[in-house]
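Numbering (my numbering), first residue to last: -2 to 645. Ideal placement from N, C-alpha and C gives every residue a C-beta, glycine not left out. All remarks here apply to the structure that follows.
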Amino acid sequence: MVSVQDLSVTFGSFDLLNNISFLINDQDRIGLAGRNGAGKSTLLKIIAGLQSPSSGSVDMPKELTVGYLPQQMRVDDSTTVLNETLTSFSELIGLSEEIEHTGAEISRREDYESAEYLRLCDHLTVVEERYRILGGTNYLAEAEQTLTGLGFERSDYDRPTRELSGGWRMRIELAKILLKKPSLFLLDEPTNHLDIESIQWLEAFLATYPGAVVLVSHDKAFLDAVTRRTIEISLGKIYDYKASWSKYLILRKERREQQLAAYRNQQKMIDDTEKFIDRFRYKATKAVQVQSKIKQLDKVERIEIDEEDNSAINLRFPPAPRSGTDVIKAEHLSKSFGALTVLNRVELKIHRGEKVAFVGRNGEGKTTMSRIITGELDHTGSLIKGHNVRIGYFAQNQDELLDESRTVLQTIDDVAKGDVRTKIRDMLGAFLFRGDEVEKKVKVLSGGERSRLALVKLLLEPVNLLVLDEPTNHLDMRSKDILKQALLKYDGTLIVVSHDRDFLDGLVTKVFEFRHNRVREHIGGIYDFLRRKKIENLKELEKKEKKTQGPAEQNASQNKQRYLEKKEFEKTLRKLRKRLEDTETDIERIESEIREIDKSFMEPGNSSEEHNLAFERYRELKETLNTHMDLWGQISEELEAFMKNNIQ
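Below you can see the structure in the form of C-alpha cells.
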C-alpha cells in the first residue's frame, strides 16, 4: 500500500535516518518505537507528505487517504465541540446541501418531459446514492459515539472550543481523524492527552479498524494491545519485526545473541586463517594453501554487530527527610471554578511511604487536587499536611512553565543553591544534556528534553512527598523505565497522576479514583483497580436491565453478581493479609538483627571502629523498625476498614 524506499534525512553532518526501506500493507498495525529524537515523528511527517526527505521516496496509490495526528498543532477555536467535530463530514454536509437545493429546484419545475428536468432527476439520484454510501443517514450518531468514547459528555457538545484545554482540543482533532476513516492512520502519541478509559476505547476502535495504523507511542500496554508489528528506529537504522512491542523485545534479544555468537565464531575463523597465512607465507611448500586461504578471506562476508543506542538518563532521588505518619489528610474538601464544581466534600488520607495513583477521566479533578496539595490553589474544607512534609511537584504543563528564552544551563543555574552549583554540568550530563547541548535554548527542546530538564530541577532539593502529574507523557520507554525504577527505590511518599498502566503497574499499591466530583479509594495496584471497575460496570448494566428482566433472569443475574463480588472480596482480602504477614516477617527479622547487635555490644574485645559501625547499623535498624511498625498499623487499619465495609 505504502512503500518507503531508501529514505534518508540529514541535518548538516548528522544522519537522523539513513537509507531505510519498508512497506506498509493493508490492515497493518505498526508501532514505531525508539528513544526521544530518534526520528519517529519526522518519519510520520514524511509519510503524511508534510516534510521532504534528504533522499529517497514514499510511494502510495492516489486513491489512498491518510489521517495524521501530530503531537502538537495549531487550531482555530471559533466554534463548538460538536460543530468542529462535524467538519470531518464536509463532503456529506455538502452533499446534503446539494440534495436540498436540487430537490427544491425539481419541485419548482413543471416541464416534466424536458431534458433539463430529467437531468436534474438523474443528478439527484446520483447525489442521494453517494450520500447513502458515505453514511449520511447516521453520521451525527457516529460523531456523538466517538466524542463519548473519547471522554466528552453530551453537555460538552455545545461548549465553545476556546474554553477547552489543549488536551481536550487534541481529542477533538483525534475524533475528526477517526471519523474520516482514512486508509492509513498516522498517530503521533495519541494517548498523551487521554485518560485510561478513553485509551481502552481507542484500543478497541483501532483493533477492529479495517485500514492500516502506524503509531508512535511510549505506552507499552497500548502498543501491545493495538500493534502486531514493531519498527524500532535506532541510530538512523530500523529494525522491523512482525510482533507487538513486548514480543519484539524478546525476539531482538535472541537475534542479537545469535548475531554475537556468529560474529565470535567468524572472528575466530578469521584469526586462525590469518595466523596460518602469517606462519607459512614464505614457505614454498605451503604457497598453494596460503593463496587459497587469502582468497578464502577475501570472499568472507564480514558479520557486523548492530550498533545499540545505550544512552540513558541516570536518575536517583535523594534520601527523603523523615515526615510525620499522616502526610496528607483531606476532610470535606471542595473546589469550584465559578459555577463549575470540580471536587465536592472529598475525604482522602495518605500515609508516610505510600505510593498512590490518582486516576480518572480528564476534568474530574486529579490535577486540581494535586495543585491543592502543593499549595497552588485555595479550597474549602480541610487539608492538613503532616509534620515536616516537603513537597516536590512535577506539573503536567511543565513545558509551559519553563522560560523559553533561557538555556538549559541557565534554567538549572537559576534555581541551584550552594555547593550543588558546582555539579550542575554533571547533573545535566546524567540526563543526556552533554557538552554544547547545555547551551540549547529551552524553546528548541523537544517534549522529552523538557521533561528531563524538569526532572533535574526536581532533584535539586531533597523532598519527602513527590507529586508527579503525567511525568511520562514525553519520555521514551528507556527513560520511563529508569524513572519507574528510581521511584520504586524512593523512600518518601509518592502521588502520581498518570494514564500509563504499564508505568503504574508494580509502582503503586493504592488507587484514588476521581469521578463525579468525589474521590474513592481502591486498595491494590492499577490492574486490580481495572478488573474491579469491570465488575462495577457490570453492576451498573444489571441495574439498567432489572426493569425488563423476569424473576428467573433476575435471580440468575443476582447469583452471578454475588459470585463475582465474593471472588473480588476474597482476592482483596488475601492481598491485604499477605501484606500484613510480609510486614510482620520483616519486623521479626529486623528485631532479631537488633537483638544480635545488642549482644555484640556486651562482648569485650571489639575495636572502636567495629563498635561505631555496629552502632550506625543499630540506629538504621531502629529507624527501619519504626517505619515498618507504622506500615503494619496502616495495613491493619485498612484490613479492619475493609472488613467493616464489606461484611454487614
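Non-local beta-carbon contacts of Trp629 in its own chain, meaning distances under 6 Å to residues more than five positions away in sequence, involve Thr580 in chain order. As DSSP reads the structure, His519 sits in a beta bridge with Val508. Among the bridge pairs identified by DSSP, His348 is matched with Asp323.
Out of His608, Asp108 and Gly28, the CA that lies nearest to the CA of Asp221 is found in Gly28. Under the three-state reduction of DSSP output, Arg278 falls in the coil class, being neither helix nor strand. In this structure, Gly350 and Thr490 form a Cβ contact; the two beta carbons are roughly 6 Å apart against a cut-off of 8 Å. The beta-carbon separation of Ser241 and Arg225, rounded to 6 Å, stays under the 8 Å limit for a contact. Taking the CA atoms as reference points, Ser589 sits about 11 Å from Leu622. According to DSSP, residue pairing for Ile381 in a beta bridge involves Lys326. Taking every protein chain shown into account, the CB of His519 has 16 or more other CB atoms within 10 angstroms, so this residue is buried. Cβ atoms of Val356 and Ile347 stay farther apart than 8 Å, at about 15 Å. Within its own chain, the residues whose Cβ lies closer than 7 Å to the Cβ of Asp185, once the five positions on either side in sequence are excluded, are Ser38, Leu41, Leu66, Pro67, Gln68 and Val213, listed in chain order. In the DSSP assignment, Asp410 falls within the alpha helix (DSSP H) that extends over Val405 to Asp410.
Contact annotation: Arg159 and Asp237 have beta-carbon atoms that are not nearer than 8 Å. The criterion of a C-beta distance shorter than 8 Å is not satisfied by Tyr206 and Thr227. The residue from Thr469, Lys59 and Ile370 with its alpha-carbon nearest to that of His190 is Thr469. Segment contact: the region 451 to 467 against the region 405 to 423, three or more CB-CB distances shorter than 8 Å; contact assigned. Looking at the DSSP output, Ile27 sits in a beta bridge with Val211 and Arg226. Excluding the 5 residues flanking it on each side, Lys363 has same chain C-beta neighbours closer than 8 Å at Phe355, Val356, Gly357, Asp466, Val494 and Phe511, in chain order. For secondary structure counted as the beta strand (DSSP E) over 3 or more consecutive residues, the region 135 to 222 holds these complete runs in sequence order: 181 to 185 and 209 to 213. Within its own chain, the residues whose Cβ lies closer than 6 Å to the Cβ of Glu229, once the five positions on either side in sequence are excluded, are Ala30, Gly31 and Tyr236, listed in chain order. Distance from Leu89 to Gly133 at the Cβ level is roughly 5 Å; contact confirmed, criterion being Cβ atoms closer than 8 Å. Cβ contact annotation for Phe428 (same chain, cutoff 7 Å, sequence separation greater than five): Ile310, Arg449, Leu452 and Val453, in chain order.
Boundaries cannot be given for Phe86, as no beta strand (DSSP E) includes it and DSSP labels it neither H nor E.
Per the Cβ contact rule, the region 143 to 152 is in contact with the region 164 to 175 (3 or more Cβ pairs under 8 Å).
In this structure, the beta-carbon distance from Leu20 to Ser52 does not fall below 8 Å. Counting every other CB atom within 10 Å of its CB across the protein chains shown gives Pro187 a total of 16 or more, marking it as buried. Counting along the chain, Val494 sits inside the beta strand (DSSP E) bounded by residues Thr490 to Val494. Setting aside the 5 residues that flank it on each side, Phe86 is surrounded in the same chain by Tyr136, each with a C-beta closer than 6 Å to its C-beta; the list follows chain order. Here DSSP, grouped into helix, strand and coil, assigns Gln68 to coil.
Taking a cut-off of 8 Å on C-beta distances, the region 321 to 338 does not touch the region 474 to 488, as fewer than three cross pairs fall below it. The criterion of a C-beta distance shorter than 8 Å is not satisfied by Leu504 and Leu577. Using a Cβ distance threshold of 8 Å, Ile594 and Arg614 count as a contacting pair. DSSP places Gln2 in the strand class (E or B) of the three-state scheme. Between Val123 and Ile96, the CB-CB gap reaches or exceeds 8 Å. Put simply, the region 384 to 400 touches the region 312 to 323. At least three CB pairs are less than 8 Å apart.
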